[in-house]
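Below is one structure, written out as C-alpha cells; comments come after it.
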Amino acid sequence: MAVSIHFFRLAKLNSEIKYVANSIVRDVPTYAYPAIRDMAVWQSDMLQQLDEWAAAIPQTQPRNEYIAMTCEVRCLAIKMLLLRPSPAIPTPTAAAMTSCHEAARQSLRLYEKLYRSDLIVYDWITLHGVVYSIITALYCIRVVPEIARGIHPEDIMEDLSVGISVLSATGEHWSGAKRARDILEDIGRLTVRWLRKTRQTNLQEQGIDHEVSGSHHEANTEGNAPMGQPAMQGQNDDNVPSNLDFLSTFELDLDLFSELQRRQEPFGDTVNIDDMMRNLFDDFIPSSRNPY
31 MAVSIHFFRL AKLNSEIKYV ANSIVRDVPT YAYPAIRDMA VWQSDMLQQL DEWAAAIPQT
91 QPRNEYIAMT CEVRCLAIKM LLLRPSPAIP TPTAAAMTSC HEAARQSLRL YEKLYRSDLI
151 VYDWITLHGV VYSIITALYC IRVVPEIARG IHPEDIMEDL SVGISVLSAT GEHWSGAKRA
211 RDILEDIGRL TVRWLRKTRQ TNLQEQGIDH EVSGSHHEAN TEGNAPMGQP AMQGQNDDNV
271 PSNLDFLSTF ELDLDLFSEL QRRQEPFGDT VNIDDMMRNL FDDFIPSSRN PY
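Numbering of the sequence shown is given in this note's numbering, commencing with residue 31 and proceeding in unit increments.
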C-alpha cells in the first residue's frame, strides 16, 4: 500500500509536468495550476521534488529489489520528460540537458540490473522505457557540445549494448522490439563514428592553428628582438578554440533509417523525440478501430 501511495504522488508530479511543460496549446486556462511566471524556477522546483520523491521510496522488509528499481526507473523517466526540450522550454540549458543525459544513462543501467537479475517484465512499459532512454542519451550527445566533448565513444557503445541486449530479449515477446533494436543500433554506431571523426578533425585543426600561430609569433619576436639578443623559441598561442562544430558536420546515411525518413532526419535541428518514438512503434498502432 505504501508503494502504491508513493506512485500516486509521482503520478501527480508527472501530470503537472505534462500540463505545464508539454501542453501543445499554450493558452490553456490557469485554474488547474497557478500561472508559471518563471519556467526555469518551476523546472528547478520540480526537479527537487523528484529528487525528494526518489529519496523517500518506501523500504520493504525484506527489501524488494524489483520494487526499488522500478520506482527509480519511473522517476528517471519523468526526469527526462522534465529536462528534455518541450513546448514550454524549447531550448533547455546545457546543464539541464546534461542532467537529462545522466538520467538516461542511469535508466539504462537499472534496466540492465533488472535484466541480469531476471526481474525484468517484458511489457510495453519496458519496451518504451528502454527505447526512450537510448534515444534521449544519443540526442543529448548530439545537441550538447559539452556532453560530446566529455564522453568517450566506448561509453556510448557500452550504453548502447545494454539497451540492445534488453531489446533483443524483449523481441522474443514483442516483434517490434527487434525493428527498434536494429534502427537504434545503426544510429548508435553512426553517432560513435561521427564523434570520433569530428574529434579527429578538431585535433587536426588545432594542430594547424598552433603551427600557424607559432610561426607568426616567432616571426614577430624575431622582428622585435634587440640587436644581439636571440629570439625566444617555442612560444605559441594557447587560446585556441576547442568547440566542436556539431551542427554542420553530422551526416547520417539515411538509407539505414528508412523507417524514420517519413517525418524527419534523426537528430536534425527540428527533431521531435515524440515523433521518433512514434515511428519506432508504428507496428503497435492498430490499422483500424476493429482489429477483428
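The C-beta atom is built at its ideal place from N, Cα and C for all residues, glycine as well.
Q. What is the rounded straight-line gap between the Cα of L3 and the Cα of S147?
A. Nothing in the structure corresponds to residue 3, since the chain is present only between 31 and 322.
(Q) Less than 7 Å between C-beta atoms, sequence neighbours within five positions excluded: which residues of the same chain meet that for E281? (A) On the sequence shown, position 251 is the one that residue 281 refers to. Caution applies to E281, whose pLDDT of 38 falls short of 50 and renders its modelled position unreliable; the value that the coordinates give is listed next. Closer than 7 Å at the Cβ level, and outside the excluded window around E281, lies no residue.
Q) If you draw a straight line from the C-alpha of I164 to the C-alpha of S34, how long is it? A) Residue mapping note: residue 164 aligns to position 134 of the sequence shown, counting from 1. Residue mapping note: residue 34 aligns to position 4 of the sequence shown, counting from 1. Distance between the alpha carbons of I164 and S34 is about 28 Å.
Q. Straight-line CA distance for V174 to T123?
A. Translated into positions along the sequence shown, residue 174 becomes position 144. Translated into positions along the sequence shown, residue 123 becomes position 93. Answer to the nearest angstrom: the Cα atoms are 9 Å apart.
Q) Which value, in whole angstroms, describes the spacing of the CA atoms of L149 and I97? A) Reading the sequence shown from its first residue, position 119 is the one you call residue 149. Reading the sequence shown from its first residue, position 67 is the one you call residue 97. Near 10 Å, if we compare the C-alpha coordinates of I97 and L149.
Q.
Taking the straight line between their C-alpha atoms, what separation do you get for D212 and V161?
A. Taking the sequence shown and counting its residues from 1, one reaches residue 212 at position 182. Taking the sequence shown and counting its residues from 1, one reaches residue 161 at position 131. One C-alpha to the other measures close to 11 Å.
Q.
In the DSSP assignment, the alpha helix (DSSP H) including N44 goes from what residue to what residue?
A. Working through the sequence shown from its first residue, we reach residue 44 at position 14. Segment A32 to A51, the alpha helix (DSSP H) holding N44.
Q: Look up N94 in the DSSP assignment and say whether it is helix, strand or coil.
A: Counted from its first residue, the sequence shown places residue 94 at position 64. Residue state, collapsed to three classes: coil.
Q) Would T156 pass as a contact of I186 if the rule is Cβ separation under 9 Å? A) Mapped onto the sequence shown, residue 156 falls at position 126. Mapped onto the sequence shown, residue 186 falls at position 156. Cβ distance not < 9 Å, so T156 and I186 don't count as in contact.
Q) Can you list, in chain order, the residues of its chain whose CB lies under 6 Å from that of K208, leaving out five sequence neighbours each side? A) Here residue 208 is taken as the residue at index 178 of the sequence shown, counted from 1. G201.
Q.
Is the separation between the beta-carbon of L106 and that of A133 shorter than 9 Å?
A. Locating residue 106 in the sequence shown gives position 76, where the first residue counts as 1. Locating residue 133 in the sequence shown gives position 103, where the first residue counts as 1. Contact: yes.
Q) Whose CA, out of A118, D189 and E82, lies closest to the CA of E102? A) Taking the first residue of the sequence shown as position 1, residue 102 is located at position 72. It is E82.
(Q) Taking its Cβ as the centre, do 16 or more other Cβ atoms sit within 10 Å of Y141, making it buried, or is it exposed? (A) As a working note, residue 141 is residue 111 in the sequence shown. Around the Cβ of Y141, a 10 Å sphere holds 16 or more other Cβ atoms; the residue is buried.
**Q.** Candidates D68, Q89, I54 and K143, of which the one nearest S116 by Cα
**A.** For the purposes of this step, residue 116 is taken as residue 86 along the sequence shown, with counting starting at 1. Checking every option, the nearest Cα to that of S116 belongs to I54.
Q) From this set, V196, H36, W204 and T121, which residue's C-alpha is nearest T90's C-alpha? A) Along the sequence shown, one-based indexing puts residue 90 at 60. That would be H36, whose Cα lies nearest to the Cα of T90.
Q | Local conformation of M262 per DSSP, three classes | A | Translated into the one-based positions of the sequence shown, residue 262 becomes position 232. Bear in mind that a pLDDT of 34 at M262, under 50, signals an unreliable position, so the model cannot answer this.
Q: Could you give the DSSP three-state label for H158: helix, strand or coil?
A: The sequence position of residue 158 within the sequence shown is 128, counting from 1. Helix, per DSSP.
Q: Using three-state DSSP, classify D189 as helix, strand or coil.
A: Numbered from 1 along the sequence shown, position 159 holds the residue referred to as residue 189. D189: helix per DSSP, three-state reduction.
Q) Under the three-state reduction of DSSP, which class applies to Q89: helix, strand or coil? A) In the sequence shown, the residue the question calls residue 89 occupies position 59. The answer is coil: DSSP assigns Q89 none of H, G, I, E or B.
Q: Determine the contact status of I119 and A51, defining contact as a CB-CB distance below 9 Å.
A: For the purposes of this step, residue 119 is taken as the residue at position 89 of the sequence shown. For the purposes of this step, residue 51 is taken as the residue at position 21 of the sequence shown. Less than 9 Å separates the beta-carbon of I119 from that of A51.
Q. Whose C-beta lies closer than 6 Å to the C-beta of V196 among residues of the same chain, with five residues either side of it excluded?
A. Along the sequence shown, one-based indexing puts residue 196 at 166. Cβ within range, chain order: Y141, Y145 and V160.
Q.
If contacts are defined as beta-carbon pairs under 8 Å, then L112 and I47 qualify, I think. What distance do you get, rounded to the angstrom?
A. To locate residue 112, count along the sequence shown from 1; it is residue 82. To locate residue 47, count along the sequence shown from 1; it is residue 17. Rounded, the Cβ-Cβ distance is 5 Å, consistent with contact.
Q.
Quick check on T166: does DSSP put it in helix, strand or coil?
A. Locating residue 166 in the sequence shown gives position 136, where the first residue counts as 1. Helix, per DSSP.
Q: For A125, count neighbouring Cβ atoms within 10 angstroms of its own Cβ and tell me buried if that reaches 16, exposed if not.
A: In the sequence shown, residue 125 corresponds to position 95, counting from 1. Looking at its Cβ environment, which holds fewer than 16 other Cβ atoms inside 10 Å, A125 is exposed.
Q) Considering only residues of the same chain and omitting the five flanking positions on each side of I194, which have a CB-CB separation below 6 Å? A) The residue you call residue 194 lines up with position 164 of the sequence shown. The beta carbon of I194 sits closer than 6 Å to those of R211 and E215, all from its chain and outside the five residues before and after it, given in chain order.
Q.
For W10 and R104, I'd like the C-alpha separation in whole angstroms.
A. Nothing can be reported for residue 10: it is not among the residues displayed for the chain, which extend from 31 to 322.
Q: Determine the burial state of S45: buried for a count of at least 16 other Cβ atoms within 10 Å of its Cβ, exposed for fewer.
A: Translated into the one-based positions of the sequence shown, residue 45 becomes position 15. Result: exposed.
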